[in-house]
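Enquirer: Okay, here's the structure, questions in a sec.
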Amino acid sequence: MSESAAVSPAAERLRYILGEEDDGPTPTLFTEMDTLQHDGDELEWKESARWVKFEEKVEEGGERWSKPHVSTLSLHSLFELRTCLQTETVLLDLDGYSLPQIIDDIIDKQIEDGLIKPDVREQISFILLRKHRHQTKKPIHRSLVDIGKSSTASSGHAQSRSMNDIADTPSTDQLKNKFKKKIPRDSEASNILVGEVDFLEKPFVAFVRLLQPTMLGGLTEVAVPTRFIFILLGPQGKGKSYSEIGRAMATLMVDDLFSDVAYKARDRDDLIAGIDEFLDEVIVLPPGEWDPKIRIEPPKKVTPAEKRKSVYSLNEAGQMNGSAGCGGGSDDEEMPAPHELGEELTWTGRFCGGLRLDIKRKLPWLPSDFYEGFHIQSISTILFIYLGCITNAITFGGLLGDATDNYQGVIESFLGTAFTGAIFCLFAGQPLTILSSTGPILIFEKLLFDFSKGNDIDYLEFRLWIGLHSAFQCLLLVATDASFIIKYITRFTEEGFSMLISFIFIYDAIKKMIGAFKYYPINSFYKPDYVTMYKCECMAPDPVNTTFFNASDSLALNNTNISLYNVINTTALDWSQLSKKECLKYGGNLVGKSCKYVPDLALMSFILFFGTYSLTVTLKKFKFSRYFPTKIRSLITDFSTVISILVFCGIDAAVGLDTPKLHVPNRIKPTRADRGWFVIPFGKNPWWIYLASALPALLVTILIFMDQQITGVIVNRKEHKLRKGAGYHLDLFWVGLLVAVCSFMGLPWYVAATVISIAHIDGLKMETETSAPGEQPQFLGVREQRLTGLVVFILTGVSVFLAPILKYIPMAVLYGVFLYMGVASLNGIQFWDRCKLFLMPSKHQPDYIYLRHVPLRRVHLFTMVQVICLAVLWVLKSTVAAIIFPIMILALILVRKMLDLVFSQHDLAWLDDILPEKDKKKEEDKKKKKLKNKDQDRDSVDEVSSQPKTCTRSAPIKIPLEQIETQKNGSQGPARERSSNWSCAC
C-alpha cells in the first residue's frame, strides 16, 4: 500500500482544513479555567489554572501559582471530552457582544435541541453569571469589621451578585495585571468554566467560538478579548471528573495544531478530527512506572509548530508521514539540510557579477544598518569588543615591533586597526565581521623582514609592492566571482579552522600568564618565622671607585668644567635612607637577604586572570538563574564582561600591588624616527623587485582569501538567522583595497578575525522579550547593524587620548577576557562536542542527533581525521613552515573530498555537509520522488475514506458521559479505575 493510502480520515480532513490559505497566523491563546466554588453561602467562579504554553495551577493554599509544568492528562478525560463535543452543543462563529447574551444563546440552543428542560434556564443563567475571582486578588482574610458587615447585610446582598456582576469593560485589576507581559501581543482568550450543581440530572456542555474576539468584562484574569468558551456543568459528586475534562480542553486549546483547527473548523466533525489527531500524537506513560504527582518540567526545546503543521499542508500532500494516522510518536528525524550558502555565492559568469549582486542586496538595508544599532545591548557589546581589539592591537603591535625592528609597532597597530576596521564596517557586505591581525601574517612579516635585511633590500618599499600585487589579485578574484569556491568549504574545514583559532586564543592567554611567573616568581623561600633576619641595606660604594680616576677621566671632567664633587657627592648622602632605585642610581650596593624580594605579582595576576574569566562565564549564565526579574537578569548577562572587568580592576586597585598594566601610546608618531606615514614606491630597490614581489604576494592573497572567507562562512551560518544576507564579494573587495592603503602607509595588513567576530555576534543575539511561563526565550536572530563595529574602531583610534584612564586596567584582566573569548567560541562547534565523546562512556553521552544515525566507531573515525588535520595545522603555525599555512587550509578541502571514499553519504550528511555536486544529484532524486508521490496521492485520495484504518491502535472509543461513572460495587469499577490511571504527557 502506498504511503498516502495509510493516511487516516482525520488526517485527510485536517489536511484540507489547515492547508487552506488564510489571512495570517493564528493568534496565541491564553486559556483560563475557573471552577464553581462556595464563598460562604454564595457561589462564585474562582480561577484554578491557566495556560499560555504550559499549565500553572493555583496551589492548595490559594495564595500562589505553581511552577509552569507540562500538562499530564488521563486518556479517560480525553475520551470523555471527545464524547462531549460529539453529542453536546457546539456553536461556531456565534455573534456575541456580552456574556449574558452569549449565555442566553447557548441555553436557547440547548433547549431547542432538547438537551435541557426550559425550567432550569434561570438557574443555569444565574450560575454562569456569578462573579469571577482571579488569583491576582489578595486572599480574603475576614476581619471583625467584615463579619459585622455581613451579619447586618440584608437579603438584597444576594441580588447585588446577580447577573449585573459581569461588567462590560475590564476592571482596574485586569488592566494593571503584570502577567499580560508574558502573553504575546494580539493574543486572544479561551475560557473554561467547570462546576457541579444540584439542579441538573445530566451534564450541561457547550463549546462556543465567537465570530469576533470580544471583551467580556471580568471573565478573564487579564484584559484579553475572549474567542472561545467551554462550559461544563454537571450533577454533584463528579467534580474531579469535570475538572479533568476542563484541563483536557484547556490543554487542547493551547496546542498549536488543535488551536489552528479550532479557529478554522467548519463543524463539529472538524473538531473531532482535531482531537483524533491529538490522540495520535499522545505519548502514554503506563501506571506504576511514574508518579502522577510529579510535575514534568517544561523542555528546553520542543518540536516547532510549523514543522507539525507542515505535515498537513496541501503543498506537501505527497510527503505526509505515514505515521500521521497511527498511534504513537516517531523517533525519525529529518535529514540535515543540504549545504547551502544561498545566492551570495552564485557564479554569475559576468565581470564583477557577484559584486554587483552584493551591492544590490545590501543597499536597501543601509538605513536600518544604523538605526537598529541604537539599543542598550549595543553598549555592552561595544565595550567588550573594544577591550578585545585594543588588547589584540597592543599584543600584535609589540610582537610586530620585535619582528620588524620597530618599522611597525604598537602605534601603527592602533592606527591600522582603527582605520581599516572603521572603513570596513561602513562599506562592507557583512559589518558583523571584525578585522584584526592574525598570527600567519605576523610570521610572514618576520620572514619578509629577515629576507630584506639579509639581501640589502628596503623592507617597507618591498612590502609596499607585495601589498599592491596582493590587492590587485584580491580584486581579480572579486571580478571573476572566485568566492564561489567557498561552496566546497563544508563543516569539516570550517570547524577545523575555527577550532584552531579558538585554541590559539586560549593558548596565547595562558602563555601570557605563565610568562608572568617568570618575570615575577613566587617567593617560595620566604619564611615568616625568619622575618627578623630579613633585611636589605644600601651600602656606600667602594671609595676606590669614587675618588680615583685615571688621566682620561680627569681630562674629560676638566674639558666639561664639571667638578668631581658634582659627579658623585658621596659625603653628603645618607646611604641608609636611600630607596632601592636611588641606591642603584648613585652606585650603591644592596646588601641583605630580602633585597631580591618582590610581592607575589604573578599570583595576584593569576587571581585577576582566572577571576575575570570565571565571573564572566557565571554572569553569562545568570539569565537562566532563578534570581531577580527577567529584565535585570538579561541586563546583567549583556554587561557580564564589563561587570567582570570593573570588579577585578577595583580589586586590583584595592590591593594596591603594582601588577602589569595596559600601556597605550600617548603620541601619534611612527615608532621609528627614520620613517614617515607614507612609503615612497620607487628609488630604494632594484626595478626587478617590483615584478618579483608578485610571487610572495600570491601567498598573502591565499592567506587573506581563506581567512576572510572562512570567517565569513562562520559568521553567516544559518543558525545565526541573519536576514540581511551576506556579501562575500563585497567584503573581499574592501579588504583588497585596505591592504593597498595600509601598504602605502606602512601599517599592518588586516583580515577577518574569527574569534572576535563570533564574540561580536554573541553579544548581539536577540531573544523574545515575552515568553510564556516555563517556555525558554526563543532566539530571534542577531542585531545586524554597522554602529557597534564603527564605534569600536573609533574608540580604538582615540585610545591614544584615553591613555590616562586605560593605564589602570591590569593586563591579566584583559588576558582573562581573551581566555573567555576563546572558550566561548568553542560553543556550538560539533567537532569540539565529538572530541569530548572520547572521554565519555556510552551511557553518559549526550543525545546528539548524529549519534542516533551514525555508529559511534564511525563518529570517532571522522573525529580522528579532523584531530590529525588540526594537529598538522598547529605544528605548521608554530614553525617557520607557517609560510605555507594558507596552502594547508586549501588542502583541507582536498582531505574532505577524499572522505567521500571512506564514509557513506548518509554518514556525511549527519557529521558534515554534502558537497555541492552530491547536493545537486540529491535534489534531482528528491524532485523525482516528489513527482512520483504526487501521482500516487492523486490516485489514492478518493480511496482513503473508504479504506479501513491500517493502524494497530483502535479508533477512539465513544463513551457517553453519563455512563462513564459506574457504581462503586459494579463489575466495571476496577477496570474503570485502572484505565483512569493511564496518563498522557501533552
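Here the sequence shown stands for residues 121 to 1106, where the numbers follow this note's numbering.
Built from N, CA and C at the ideal position, the CB exists for glycine as well.
Grab me the residues of Thr757's own chain with a C-beta within less than 7 Å of its C-beta, minus the 5 sequence neighbours each way, in chain order.
Expert: On the sequence shown, residue 757 is found 637 positions in, with the first residue counted as 1. Excluding sequence neighbours, Thr757 sits near Leu739, Lys740, Phe742 and Lys743.
Enquirer: List, from N- to C-terminal side, the beta strand (DSSP E) runs of 3 residues or more that fit wholly inside the stretch 962 to 987.
Expert: Within the stretch 962 to 987, no complete beta strand (DSSP E) run reaches 3 residues.
Enquirer: Pick from Pro801, His1026, Ala932 and Gly707: whose alpha carbon is nearest that of Pro975?
Expert: Looking up residue 975 in the sequence shown gives position 855. Cα-wise, what sits closest to Pro975 is His1026.
Enquirer: Specify the secondary structure class of Pro749 as computed by DSSP and reduced to three states.
Expert: The residue labelled residue 749 in the question sits at position 629 within the sequence shown. DSSP places Pro749 in coil when its eight states are reduced to three.
Enquirer: Tell me the residue span of the beta strand (DSSP E) that contains Met659.
Expert: As a working note, residue 659 is residue 539 in the sequence shown. Unbroken beta strand (DSSP E) run through Met659: Glu657 to Met659.
Enquirer: Using a 10 Å radius around the Cβ and a threshold of 16 neighbouring Cβ atoms, would you call Gln898 buried or exposed?
Expert: Translated into positions along the sequence shown, residue 898 becomes position 778. Gln898 should be labelled exposed.
Enquirer: Counting along the chain, where does the alpha helix (DSSP H) carrying Ser191 start and finish?
Expert: For this step, residue 191 is matched to residue 71 along the sequence shown. Neither: Ser191 is in no alpha helix (DSSP H) and is coded neither H nor E.
Enquirer: Going by the DSSP bridge assignment, what does Gln157 pair with across the sheet?
Expert: On the sequence shown, position 37 is the one that residue 157 refers to. Answer is Glu164, bridged to Gln157.
Enquirer: Whose CA, out of Phe730, Thr203 and Gly712, lies closest to the CA of Pro323?
Expert: To locate residue 323, count along the sequence shown from 1; it is residue 203. If we check each option's Cα against that of Pro323, Thr203 comes out closest.
Enquirer: Alpha carbon to alpha carbon, what distance is there between Ala169 and Glu179?
Expert: Here residue 179 corresponds to residue number 59 of the sequence shown, with the count starting at 1. Here residue 169 corresponds to residue number 49 of the sequence shown, with the count starting at 1. Near 9 Å, if we compare the C-alpha coordinates of Ala169 and Glu179.
Enquirer: Use the C-beta contact count for Trp807: other C-beta atoms within 10 angstroms, 16 or more gives buried, fewer gives exposed.
Expert: By one-based count along the sequence shown, residue 807 stands at place 687. The residue is exposed, with fewer than 16 neighbouring Cβ atoms inside 10 Å.
Enquirer: Where does Ile416 fall in DSSP's three states?
Expert: As a working mapping, residue 416 is identified with position 296 in the sequence shown. Reduced to three states, the DSSP call for Ile416 is strand.
Enquirer: How many angstroms separate the CA atom of Ile531 from the CA atom of Val985?
Expert: As a position in the sequence shown, residue 531 is number 411, starting the count at 1. As a position in the sequence shown, residue 985 is number 865, starting the count at 1. Their Cα atoms are separated by approximately 42 Å.
Enquirer: Tell me where the beta strand (DSSP E) around Phe324 begins and ends.
Expert: Working through the sequence shown from its first residue, we reach residue 324 at position 204. Run containing Phe324: Phe324 to Thr334, per the beta strand (DSSP E) assignment.
Enquirer: How do the stretch 720 to 733 and the stretch 636 to 645 stand: do at least 3 beta-carbon pairs fall below 8 Å, yes or no?
Expert: Taking 8 Å as the limit for Cβ pairs, the verdict is that the stretch 636 to 645 does touch the stretch 720 to 733.
Enquirer: I need the straight-line Cα distance from Ser618 to Thr874, nearest angstrom please.
Expert: Translated into positions along the sequence shown, residue 618 becomes position 498. Translated into positions along the sequence shown, residue 874 becomes position 754. In a straight line, the C-alpha of Ser618 is about 7 Å away from that of Thr874.
Enquirer: Could you check whether Ile303 and Val344 sit closer than 9 Å to each other, using their CB atoms as the reference points?
Expert: Against the sequence shown, residue 344 aligns to sequence position 224. Against the sequence shown, residue 303 aligns to sequence position 183. Yes.
Enquirer: Cα-Cα, which of Val1015, Leu996, Pro145 and Arg792 is closest to Asp306?
Expert: Translated into the one-based positions of the sequence shown, residue 306 becomes position 186. The shortest Cα separation from Asp306 among Val1015, Leu996, Pro145 and Arg792 belongs to Pro145.
Enquirer: With C-beta atoms as the reference, is Arg250 less than 9 Å away from Trp185?
Expert: Counting from 1 along the sequence shown, the entry for residue 250 is found at position 130. Counting from 1 along the sequence shown, the entry for residue 185 is found at position 65. No, they are not a contact pair.
Enquirer: In the DSSP output, which residue or residues are listed as bridge partners for Trp410?
Expert: Indexing the sequence shown from 1 puts residue 410 at position 290. In the DSSP output, where bridge partners are listed per residue, Trp410 has none listed.
Enquirer: Taking DSSP as the reference, what is the three-state secondary structure of Ser310?
Expert: Looking up residue 310 in the sequence shown gives position 190. Residue state, collapsed to three classes: strand.
Enquirer: Would you mind stating whether Val833 and Ile609 have Cβ atoms separated by less than 9 Å?
Expert: What you label residue 833 is simply residue 713 of the sequence shown in a count that begins at 1. What you label residue 609 is simply residue 489 of the sequence shown in a count that begins at 1. Closer than 9 Å, so yes.
Enquirer: In the DSSP assignment, what are the bridge partners of Val178?
Expert: Counted from its first residue, the sequence shown places residue 178 at position 58. Note: Val178 sits in a beta bridge opposite Trp185.
Enquirer: Whole alpha helix (DSSP H) runs in the stretch 768 to 826 with 4 or more residues, listed along the chain?
Expert: Counting whole runs of 4 or more residues, the stretch 768 to 826 contains the alpha helix (DSSP H) stretches 807 to 812.
Enquirer: Here's the rule I'm using: 16 or more other beta-carbon atoms within 10 Å means buried, otherwise exposed. How should Ile606 be labelled?
Expert: Taking the first residue of the sequence shown as 1, we reach residue 606 at position 486. Flag for Ile606 reads buried.
Enquirer: When the Cα atoms are used, what is the spatial distance from Gly776 to Leu823?
Expert: The residue you call residue 776 lines up with position 656 of the sequence shown. The residue you call residue 823 lines up with position 703 of the sequence shown. Approximately 45 Å, taken between the alpha carbons.
Enquirer: Quick one, which of Cys862, Thr207, Glu839 and Ile830 has its alpha-carbon nearest His849's?
Expert: The sequence position of residue 849 within the sequence shown is 729, counting from 1. Selected option, being the one with the closest Cα: Ile830.
Enquirer: Evaluate the contact criterion for the stretch 838 to 857 versus the stretch 572 to 586: three or more CB pairs, one atom per stretch, below 8 Å.
Expert: Judged by Cβ distances under 8 Å, the stretch 838 to 857 makes no contact with the stretch 572 to 586, as fewer than three pairs qualify.
Enquirer: If you count every other CB in all the chains shown that lies within 10 Å of the CB of Gln356, and 16 or more means buried, which is it?
Expert: As a working note, residue 356 is residue 236 in the sequence shown. Label assigned to Gln356: exposed.
Enquirer: Give a yes or no on whether the minimum CB-CB distance between Lys298 and chain C is below 9 Å.
Expert: The question asks about chain C, but that chain is absent: this structure has only one protein chain.
Enquirer: Could you tell me whether the stretch 536 to 554 touches the stretch 852 to 862, using the rule of 3 or more Cβ pairs below 8 Å?
Expert: Segments in contact, yes.
Enquirer: Going by the CB atoms, is the gap between Ile788 and Val920 shorter than 9 Å?
Expert: As a position in the sequence shown, residue 920 is number 800, starting the count at 1. As a position in the sequence shown, residue 788 is number 668, starting the count at 1. Yes, they are a contact pair.
Enquirer: I need the straight-line Cα distance from Phe398 to Thr423, nearest angstrom please.
Expert: Start at 1 with the first residue of the sequence shown, and residue 398 comes out as number 278. Start at 1 with the first residue of the sequence shown, and residue 423 comes out as number 303. Straight-line Cα distance between these residues: approximately 14 Å.
Enquirer: Does the Cβ-Cβ distance between Gly866 and Tyr527 come in under 9 Å?
Expert: Residue numbering aside, residue 866 sits at position 746 when the sequence shown is read from its first letter. Residue numbering aside, residue 527 sits at position 407 when the sequence shown is read from its first letter. Going by C-beta atoms, Gly866 is nearer than 9 Å to Tyr527.
Enquirer: Can you find at least 3 beta carbon pairs, one from the stretch 588 to 604 and one from the stretch 937 to 957, that sit closer than 8 Å?
Expert: These segments do not touch.
Enquirer: For Val902, which option in Asn643, Leu910 and Val835 has the closest C-alpha, if you only look at C-alpha atoms?
Expert: Looking up residue 902 in the sequence shown gives position 782. Selected option, being the one with the closest Cα: Val835.
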